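Reviewing the structure listed below.
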Amino acid sequence: MKAPLSRIAHTRSGDKGDMVNIGVIAWRAADYRILVREVTARRVFEFFGDRVAGPVERFEAPNLGALNFLLHGALGGGGTVSLHIDSQGKTFGAALLRMEIEIDE
Amino acid sequence: MIRVANGQGFWGDWLEAPARLVEQGPIDYLTLDYLAEVTMAVLEKQRQRNPELGYAADFPPLMERLAPEMRQRSIRVVTNAGGLNPRACAREVLRRAPGLKIAIVEGDDVTARIGEFLTKGHPLNNIDTGEPIGQIRDRILSANAYLGAFPLAQALTAGAGVVISGRCADSALVLAPSIHAFGWSADAWDLLAAGATAGHVVECGAQTTGGNSQVDWREIPDLDEIGYPIAEIDAGGTFAITKHAGTGGRVTTEIVKEQLLYEIGDPRSYLTPDVIADFTGLDLADEGPDRVRITGARGRERPPRLKLSINYRAGWKATGTLVYTAPDAIQKAQAADGIVRRRIEKLGLRFDEIYTEYLGWNACHGGAAPAACDVPEVQLRIGVRGCVRSDVDRFTREMAPLVLSGPPGATGYGGEGRPKVREVIGNWAALLPREEIRPHVEVLS
Chain A
1347 MKAPLSRIAH TRSGDKGDMV NIGVIAWRAA DYRILVREVT ARRVFEFFGD RVAGPVERFE
1407 APNLGALNFL LHGALGGGGT VSLHIDSQGK TFGAALLRME IEIDE
Chain B
781 MIRVANGQGF WGDWLEAPAR LVEQGPIDYL TLDYLAEVTM AVLEKQRQRN PELGYAADFP
841 PLMERLAPEM RQRSIRVVTN AGGLNPRACA REVLRRAPGL KIAIVEGDDV TARIGEFLTK
901 GHPLNNIDTG EPIGQIRDRI LSANAYLGAF PLAQALTAGA GVVISGRCAD SALVLAPSIH
961 AFGWSADAWD LLAAGATAGH VVECGAQTTG GNSQVDWREI PDLDEIGYPI AEIDAGGTFA
1021 ITKHAGTGGR VTTEIVKEQL LYEIGDPRSY LTPDVIADFT GLDLADEGPD RVRITGARGR
1081 ERPPRLKLSI NYRAGWKATG TLVYTAPDAI QKAQAADGIV RRRIEKLGLR FDEIYTEYLG
1141 WNACHGGAAP AACDVPEVQL RIGVRGCVRS DVDRFTREMA PLVLSGPPGA TGYGGEGRPK
1201 VREVIGNWAA LLPREEIRPH VEVLS
């Protein structure tokens, strides 16, 4: 069934220059495989639409039950160059929690 | 075992945190991380105005406040508060707290050596974009290499009670006491990785003790009294993350995981000047209330090149805001944005970017926010950025007139007056062979 990502994971996001990183952590270790299957780099890229120039990279940390995403070109230049209210990408993680994914019954 | 606490996650963090770490329980080392990339540029501007400035100005008064207790309990301080001017910082600390034994660590500041590096054939291309540094060469404000932990450890071994460094890796502030206390060698990769990982986990202060955490945030106790993090590190390279008993906040494996992944790239390769740490072998276990044990740190040989952080003048910017209310708050704000943009165009103002946001609707979550609806109120926020200061200045006159000449019901323009024009500082990351950087340590008397 479909559910928002927040059902099975929590997140934290921050900046690296003009990149945003989002750590996505499964609440239960058993749900890590759902993250791997559902939360692909492509889907994250599409989720943020024109907000992110791309590409989006994904890294796996199975020992933490977690994925880490790097969203390139996401902060309008980053640092003090950025005109964005969220120039450090602090809220991207919370936004991603809305993503609809297929979870197991 | 050594207890290494971190009492500042950035310059501007809670002023009470370091004092509470000292007063509310046992610690051996107090680290204070003041420097973000943009901080160096701010410090450079301050140093240009006054050669006795260019360091984290919060630090000397803090030392004045804590010196008696630090002396009594042999607590040592390791900090990057020196910024661009560790020597001036140390002088001010000594003036306020005479008798402290201070060491400064310098050699990171390479602002005057850019030409030398280029002559030697180090291109200093932008590591993110590959662009050549020629594009910004004549606008450089500051250039600093990220030093590692060994010179800071050397300062501790020389007997310093307060180590004041310039730019170093954030994690080095915690790794340095470990190297000093346990005699870890420069190629003990797994041990160095453990110290750097502990440093990474505590470098953002209360973000690892329950601040900014999605883990059951309503139930995290007493954030007003939050305890800042302490890493209890042992000689064998395992460590526990904890906080003082009786303080607010919470330390759990879930919260520590959030911080482990914070502002990193590949978790197999966390790059520091001293070691490449691999987070994918770590094992986290709750070891009791507010105590997480971390084992399994693995490291690989340090990178052959150091990161340089270069700041340069990148023009001017200003941001103007107005508030619109229902009915049709978003449509009114969008109409106002259109008016401003057409006026800018007809005035011939030259900007590299005009960026509009609607706070209360989708400024933060963008396309992930729900589609436009009849929100009770929305703040229109228009930012412009360009190289011509007078054009940015002219823009700052274009918001307030909308109150009389735009859509109905605009407010919220008065409090702060006209938008301020701010200088934009660009940050350029590059790599340099580590042999070019010669850190040096000096113990002051």
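Protein sequences, first through last, are from chains A and B.
Residues 1347 to 1451 in this note's numbering are what the first sequence spells out, letter by letter.
Residues 781 to 1225 in this note's numbering are what the second sequence spells out, letter by letter.
Glycine is no exception: its CB is placed at the ideal position from the N, C-alpha and C atoms.
Remember, predicted model here, so these are calculated numbers, not experimental data.
Within the stretch 834–887 of chain B, the runs of beta strand (DSSP E) that reach at least 3 residues and sit entirely inside it are, in chain order, 856–859 and 882–886. Annotation: residue 1105/B to residue 1036/B spans about 41 Å, alpha carbon to alpha carbon. Residue 948/B is outside the set of residues whose beta carbon lies under 8 Å from a beta carbon in chain A.
Between residue 1429/A and residue 1156/B, the alpha-carbon positions lie close to 25 Å from each other.
Setting aside the 5 residues that flank it on each side, residue 889/B is surrounded in the same chain by 864, 924 and 946, each with a C-beta closer than 7 Å to its C-beta; the list follows chain order.
Under DSSP, residue 906/B takes part in no beta bridge, so it has no partner. Listed in chain order, the beta strand (DSSP E) elements of length 3 or more contained wholly in the stretch 920–1005 of chain B are 920–925 and 942–945.
Each of 1426/A, 1446/A and 1440/A was checked against the Cα of residue 1098/B, and the nearest Cα belongs to 1426/A. Cβ-Cβ separation between residue 835/B and residue 878/B: approximately 18 Å, too far for a contact (criterion under 8 Å).
Closer than 9 Å at the C-beta level to chain B, one finds these residues of the stretch 1396–1407 of chain A: 1396, 1397, 1398, 1403, 1405, 1406 and 1407.
Note on the stretch 1175–1218 of chain B: whole beta strand (DSSP E) runs with a minimum of 3 residues are 1202–1213, in chain order.
Nearest C-alpha to residue 1208/B among 845/B, 837/B, 911/B and 811/B: 911/B.
Residue 1034/B has a beta carbon lying within less than 8 Å of a beta carbon in chain A. Under the DSSP assignment, residue 1350/A falls in the beta strand (DSSP E) whose first and last residues are 1348–1350. Here the stretch 941–956 of chain B does not lie against the stretch 1058–1066 of chain B, with fewer than 3 beta-carbon pairs under 8 Å apart. For residue 991/B, there are no neighbours in chain A by C-beta distance under 8 Å, as the nearest C-beta there is about 11 Å away. Under the Cβ distance rule, residue 1390/A does not count among the residues neighbouring chain B, no pair being separated by less than 8 Å. Residue 1037/B sits in a helix when the DSSP states are folded into three classes.
Here DSSP, grouped into helix, strand and coil, assigns residue 822/B to helix.
A Cβ-Cβ contact shorter than 8 Å links residue 1121/B with residue 1134/B. Contact check for residue 1440/A against residue 1357/A passes: the beta carbons are separated by less than 8 Å. Membership of residue 898/B in any beta strand (DSSP E) is not indicated; the residue belongs instead to the alpha helix (DSSP H) covering 894–899.
In the three-state scheme derived from DSSP, where H, G and I count as helix and E and B as strand, residue 1170/B is classed as helix. For residue 1348/A, there are no C-beta contacts with chain B under 9 Å, since the nearest C-beta of that chain is about 16 Å from it. The Cβ atoms of residue 1101/B and residue 1039/B lie no closer than 8 Å to each other. In the three-state DSSP reduction, residue 1100/B falls in the strand class (E or B).
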